[in-house]
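For the sequence shown, our numbering assigns the number 18 to the initial residue and increments by one for each residue that follows.
Here's the structure, in structure tokens; my notes come after.
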Amino acid sequence: MPLALLALAIGAFGIGTTEFVIMGVLPEVADGFGVSIPTAGWLVSGYALGVVLGAPVLTVLGTRVSRKKMLMFLMGLFIVGNALSAAAPVFGVMLIGRVVASLAHGAFFGIGSVVAANLVAPARKASAISLMFMGLTVANIVGVPLGTYIGQAAGWRVTFVVVAALGVVGLLGVARLVPDEGRPESADVRAEFAAFRNVQVWLAMAMTVLGYGGVFAAVTYITPMMTEVAGYSAGAVTWLLVLFGTGMFLGNLLGGRFADRALMPMLCTALGALSLTLLLFTATAHHKVLAAITLTLVGALGFATVPPLQKWVLDQASAAPTLASAANIGAFNLGNALAAWLGGVVISAGLGYTAPNWVGALLSGSALLLAFLAAFLNRRTRQAGSAATGTGRPPSAARATAVTARR
18 MPLALLALAI
28 GAFGIGTTEF
38 VIMGVLPEVA
48 DGFGVSIPTA
58 GWLVSGYALG
68 VVLGAPVLTV
78 LGTRVSRKKM
88 LMFLMGLFIV
98 GNALSAAAPV
108 FGVMLIGRVV
118 ASLAHGAFFG
128 IGSVVAANLV
138 APARKASAIS
148 LMFMGLTVAN
158 IVGVPLGTYI
168 GQAAGWRVTF
178 VVVAALGVVG
188 LLGVARLVPD
198 EGRPESADVR
208 AEFAAFRNVQ
218 VWLAMAMTVL
228 GYGGVFAAVT
238 YITPMMTEVA
248 GYSAGAVTWL
258 LVLFGTGMFL
268 GNLLGGRFAD
278 RALMPMLCTA
288 LGALSLTLLL
298 FTATAHHKVL
308 AAITLTLVGA
318 LGFATVPPLQ
328 KWVLDQASAA
338 PTLASAANIG
348 AFNLGNALAA
358 WLGGVVISAG
368 LGYTAPNWVG
378 ALLSGSALLL
388 AFLAAFLNRR
398 TRQAGSAATG
408 TGRPPSAARA
418 TAVTARR
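Okay, here's the thing in structure tokens:
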């Protein structure tokens, strides 16, 4: 794999750390500003909504410059947002800092996915994307637990200072290792928006919202769940997050490898298993060992869906993939925002800290149904292309029809 993928993974590591570390220090942040846990959960939802907004807007603006320059700009924006979060005097400023940092998230992963896919042969695209996202999963093994420990030992503000420093490292990595290919010749905003005429692109983003949202319904409130329900100490949360991150790391690698072989079967298997695991989490959360095992499985199954979902979007919007790719990253975070909000609702309703698990199971189960629909429509499109060939039409015309239908 090209060395440039390492640079993308470094940037992903910093972004992944700031996205997930807030869950490890959520009680400390809530205490520091004198707000409730569900209110502090808005730092998760606000970040996610910022990704949803920033992904398409910054990606469209980025068509005017080279992808490398845009990636560098995004890392700079990330640094500013985290520095603002670290210095926030009140909760509202902290929320603004989170949103500023989040604006870089969707566009970075969206543009980075296209760069990663273009660096390798077509048969390795999902694996290349998974290697970029590996930085995000490693962040959950190293960055998030370390940030949680720092937040509990030295204060959550120090955590965000460290995260801003990670952004500097990511910026230097992109500047050093990612080749500058200039502004893409095919950059056309109208062509990028035209990709959204394909219903499969919308189905993919809906699967992303619901499927990965199921993961966030549970993990947003993982600290109070593990301490108040499972009986772990606050200090043990660091190691529990390591387990979650390890699961994400393994799931991401397996998801990328098997998606290159059989994309839709891999996606349906992961979503189905994720739904069942989240449902079981409502019971296993009451037992320390079982809770830890289930948390690891949630991370593995949840992130096993990421490479196939991202590749599915790139395949369906192959003529102009950048905006669709970034929008799908936004869809991941729209699901995060929705799930974090729903989790806060059921907790505020007095249903307990395990209630977000069954909310997540319902979300992931809905994504599985959409995956079945997407597979059915894709199979019907292919059959239509085969039928056109069988009617005596020239193969080239039949192939053009099939490509147009897929787009």
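Just so you know, even glycine gets a beta-carbon here, dropped at the ideal spot from N, CA and C.
(request) Helix, strand or coil for Ala292, going by three-state DSSP, please let me know. (result) The sequence given here places Ser at residue 292; Ala does not occur at that position. Note: Ser292 maps to helix in three-state DSSP.
(message) Just verifying my parser: in three-state terms, what is the DSSP assignment at Tyr370?
(response) In the structure shown, Tyr370 falls within a coil segment according to DSSP collapsed to helix, strand and coil.
(request) Just confirm the distance between the C-beta atoms of Met281 and Ala392, as a whole number of angstroms; I'd bet it's less than 8 Å. (result) About 5 Å separates the beta carbons of Met281 and Ala392, which is inside the 8 Å limit, making them a contact pair.
(request) Enumerate, from N- to C-terminal direction, the unbroken alpha helix (DSSP H) stretches of 4 or more residues contained entirely within the region 226-310. (result) Counting whole runs of 4 or more residues, the region 226-310 contains the alpha helix (DSSP H) stretches 254-278, 280-301.
(message) Check whether the region 89-101 and the region 183-199 are in contact - that is, three or more C-beta pairs closer than 8 Å.
(response) Result yes; three or more Cβ-Cβ pairs closer than 8 Å.
(request) Report the residue from Pro19, Ala378, Leu331 whose alpha carbon sits nearest the alpha carbon of Asn215. (result) Closest by alpha carbon: Leu331.
(message) By the three-class DSSP mapping on this structure, what secondary structure does Pro44 have?
(response) Helix.
(request) Please name the residue, chosen from Leu43, Ala211, Pro324, Pro106, that lies closest to Gly127 on a Cα-to-Cα basis. (result) Checked all of Leu43, Ala211, Pro324, Pro106; the closest Cα to Gly127 is Pro324.
(request) Assess, as a yes-or-no matter, whether the region 242-250 is touched by the region 295-303 under the definition of 3 or more beta carbon pairs within less than 8 Å. (result) Yes, the region 295-303 is in contact with the region 242-250.
(message) Looking at the secondary structure, which residues open and close the alpha helix (DSSP H) in which Thr176 lies?
(response) Run containing Thr176: 173-194, per the alpha helix (DSSP H) assignment.
(message) Just to confirm the assignment: which complete alpha helix (DSSP H) runs, minimum length 4, are found wholly within the region 38-86?
(response) Segments of the alpha helix (DSSP H) lying fully in the region 38-86: 43-50, 54-57, 59-79.
(request) Below 8 Å CB to CB, which residues in the same chain sit around Trp375 once its five sequence neighbours on both sides are set aside? (result) Once the five neighbours on either side are set aside, the close Cβ partners of Trp375 are Leu295, Leu296, Thr299.
(message) One question on the structure: do Thr237 and Ala357 come within less than 8 Å of each other, judged by their Cβ atoms?
(response) Between Thr237 and Ala357, the C-beta gap is smaller than 8 Å, which places the two residues in contact.
(request) Go ahead and label Ser431 buried or exposed: buried means 16 or more other beta carbons lie within 10 angstroms of its beta carbon, across all protein chains shown. (result) Residue 431 falls outside the range modelled here, since the chain spans only 18 to 424, and no answer is possible.
(message) For the alpha helix (DSSP H) containing Arg115, name the first residue and the last one.
(response) First-last of the alpha helix (DSSP H) with Arg115: 108-135.
(message) Using a Cβ distance threshold of 8 Å, determine whether the region 268-282 contacts the region 70-89, with at least three qualifying pairs required.
(response) Touching, no.
(message) Please report the distance separating the alpha-carbon of Gly369 from that of Val137.
(response) Taking the CA atoms as reference points, Gly369 sits about 47 Å from Val137.
(request) State the DSSP-derived secondary structure class of Pro19, mapped to helix, strand or coil. (result) Note: Pro19 maps to coil in three-state DSSP.
(request) Report the three-state DSSP secondary structure of Asn215 (helix, strand or coil). (result) Assignment of Asn215 by DSSP, reduced to helix, strand and coil, places it in the coil class.
(message) Using 8 Å as the cut-off, can you tell me whether the region 55-71 makes contact with the region 114-126, which would need three or more C-beta pairs spanning the two stretches below that distance?
(response) Short answer: they touch.
(message) Pairs of beta-carbons, one from the region 148-163 and one from the region 255-273, closer than 8 Å: are there three or more?
(response) Three or more pairs of CB atoms, one per stretch, sit closer than 8 Å, so the region 148-163 contacts the region 255-273.
(message) For Ile346, which residues in the same chain have their Cβ closer than 6 Å to its Cβ, ignoring the five residues on either side in sequence?
(response) The beta carbon of Ile346 sits closer than 6 Å to those of Ala72, Gly123, Phe126, Gly127, all from its chain and outside the five residues before and after it, given in chain order.
(message) What does the alpha-carbon distance come out to for the pair Leu88 and Val61?
(response) Those two C-alpha atoms are separated by around 23 Å.
(message) Taking the straight line between their C-alpha atoms, what separation do you get for Gly316 and Val232?
(response) Spanning the alpha carbons of Gly316 and Val232 requires a straight line of approximately 7 Å.
(request) For Gly164, decide whether its Cβ has a neighbour in chain D, counting only Cβ atoms nearer than 8 Å. (result) You won't find chain D in this structure, because it holds only one protein chain.
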